[in-house]
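The structure appears below as structure tokens.
Residue numbers (my numbering): 8 to 294.
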């Protein structure tokens, strides 16, 4: 006999295929998410990233520019918070890469209260976190890539390197990633929320009898990080205050405030990257 959770998972997978057409993952009820061993917190052992500062996108290790990367190790969960910067560069998203895998690395859930194509709360018609119809600025995902959620959750038992690949491999869109170690309870909170009507319940991919999908990994070397050593001239218009992110996506317990920095008038500032080096970077603005 099949267990109830397995039946739900199979039905959810079939429905998900009809709705999305390309998703390789189970999209099951959050409550069906398997609780895997959490023996040690996921930590960063090397890489080139931006340290978090007040007003930045929520995350412990921030990958704002092409080529920035972080190598993680441990046995537990971590999340990647997404921000699509369609107002900087729109078009096709070149997805981040996961390389040098050692051990188990699974994409276990998607959530955070917002799917990236959900209508923007209180925003104009046709605006989502993927873009806005009124200005013609919009981003798309690669063929066969399921729609992103504002927070994607992963399980690691070993090590993996995550690299921002924005504007490579034919992609033109800019994006930011915030990587943070979390525990199972935090993942569940990001899937089920607090019961508010504005919270879009997430989906589990790693359920009993149906293991979460291994992320596609590559042995291809990461591209050189080009943006940290350049200064982009001022002139990008900051989104109006009324357009700034708000509402159900913000999860205080994960530090995911959804914001990115608005820096000096010259659109650049000194920041600390992995290893303690001070570099100039362009200011990142919030969606």
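For glycine and all other residues, C-beta sits at the position ideal for the given N, C-alpha and C.
* In or out: residue 170 buried (at least 16 other Cβ within 10 Å) or exposed? -> It counts as buried.
* To do: Ignore the nearest five residues each way along the sequence and tell me which others in residue 134's own chain have a CB closer than 6 Å to its CB.
  => Hits under 6 Å: 127.
* Do residue 97 and residue 145 have their C-beta atoms closer together than 7 Å? -> Contact: yes.
* Asked: According to the neighbour-count rule (16 or more other Cβ atoms, all chains shown, within 10 Å of its Cβ), is residue 212 buried or exposed?
  -> The residue in question, residue 212, is buried, as its Cβ has 16 or more Cβ neighbours within 10 Å.
* **Cβ contact (3+ pairs, closer than 8 Å) linking the segment 115-127 and the segment 194-203** => Touching, yes.
* To do: Run the CB neighbour count on residue 204, radius 10 Å, all protein chains shown included, and call it buried at 16 or more, exposed below.
  => By the neighbour-count rule (16 or more Cβ atoms within 10 Å), residue 204 is not buried but exposed.
* Return the chain-ordered list of same chain residues with a C-beta closer than 6 Å to the C-beta of residue 140, the five sequence neighbours on each side being excluded. => If we look at residue 140 and ignore the five residues flanking it on each side, its Cβ neighbours are 133.
* Taking Cβ to Cβ, would you say residue 148 is nearer than 7 Å to residue 100? -> Contact: yes.
* Reference residue 89; option with closest CA among 56, 207, 168 and 160 -> Taking the Cα of residue 89 as reference, the smallest distance to any Cα among 56, 207, 168 and 160 is reached at 160.
* **residue 188 in three-state terms, based on DSSP** => DSSP places residue 188 in strand when its eight states are reduced to three.
* Asked: Relative to the alpha-carbon of residue 54, which residue among 45, 68 and 63 has its alpha-carbon at the smallest distance?
  -> Ranked by Cα distance from residue 54, the first of 45, 68 and 63 is 68.
* Endpoints, the beta strand (DSSP E) within which residue 86 is located -> Residue 86: member of the beta strand (DSSP E) spanning 76-91, first to last residue.
* To do: Return helix, strand or coil for residue 107, following the three-state DSSP convention.
  => It is a strand residue.
* To do: Determine the extent of the beta strand (DSSP E) in which residue 164 is found, giving its start and end residues.
  => In this chain, the beta strand (DSSP E) harbouring residue 164 covers 156-170.
* Alpha carbon to alpha carbon, what distance is there between residue 33 and residue 81? -> Rounded to whole angstroms, residue 81 to residue 33 spans 25 Å at the Cα level.
* Asked: Short check: CB of residue 136 to CB of residue 91, under 7 Å?
  -> For the pair residue 136 and residue 91, the CB atoms are nearer than the 7 Å cut-off.
* Asked: In the structure shown, what three-state DSSP assignment does residue 203 receive?
  -> Residue 203 falls in the coil class under three-state DSSP.
* To do: Can you give me the start and stop residues for the beta strand (DSSP E) that residue 68 sits inside?
  => Judged by DSSP secondary structure, residue 68 falls within the beta strand (DSSP E) whose first and last residues are 68-70.
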